[in-house]
Each structure stands twice: as structure tokens, then as C-alpha cells.
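Before any comments, here is the structure.
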Amino acid sequence: ASCGTCCVDVKEGAELLLPAEDEELDILDMLAAPKTHRLACQIQMKPGPGRLRVVPVNEY
């Protein structure tokens with residue numbers, strides 16, 4: 052991750068995601084992104100069933 056163009060707003064299922072790693076957090080911080088935003092290319096889900104809904108963010 053280095054650009055932030057795949058930034059998404061997690062609308063549902065945030066509890067299913069593994070925590071963001073330092074590199075992703077650095078980029079989100081640089082973008083001044085809200086806590087609900089993640090980089091789609093970095094998202095990893097926990098094992099098991101669930102529903103994840105994300106919306107692309109076009110402002111970055």
C-alpha cells in the first residue's frame with residue numbers, strides 16, 4: 052500500500068476485519084481519513100461467516 056486510491060468506507064462488518072497494520076495506518080493518517088475508512092488492498096478478514104459492506108471513497 053502506498054497510494055490510498057483504494058480507500059473504502061466500511062459500512063457494515065468492521066468487526067470481521069483484522070486490525071490495520073502500521074503501513075495502512077500511516078497512509079490513512081496521511082489522508083486524514085476517518086476511523087471507518089480502510090484500504091481495500093490491505094483488508095484481511097477474520098475466518099468465519101459474516102457480511103462485509105464497503106463503499107468506495109472518491110475524495111482521495
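Just so you know, we're using the working numbering here: the sequence shown kicks off at 52 and counts up by one.
Cβ atoms here follow ideal geometry from the backbone N, Cα and C, with glycine treated the same way.
Since the structure is predicted, the reported quantities are computational estimates derived from the model, not experimental observations.
Could you have a look at Leu-76 and say whether DSSP puts it in helix, strand or coil? helix
Within the chosen definition, does the stretch 53 to 70 reach the stretch 94 to 105 through at least 3 CB pairs nearer than 8 Å? yes
Determine the direct distance from the alpha carbon of Pro-100 to that of Asn-109, and round the result to whole angstroms. Going from the Cα of Asn-109 to the Cα of Pro-100 covers about 29 Å.
Helix, strand or coil at Leu-68 [DSSP, three-state]: Three-state DSSP puts Leu-68 in a strand.
Check whether the Cβ atoms of Ala-84 and Cys-57 lie closer than 8 Å to each other. no
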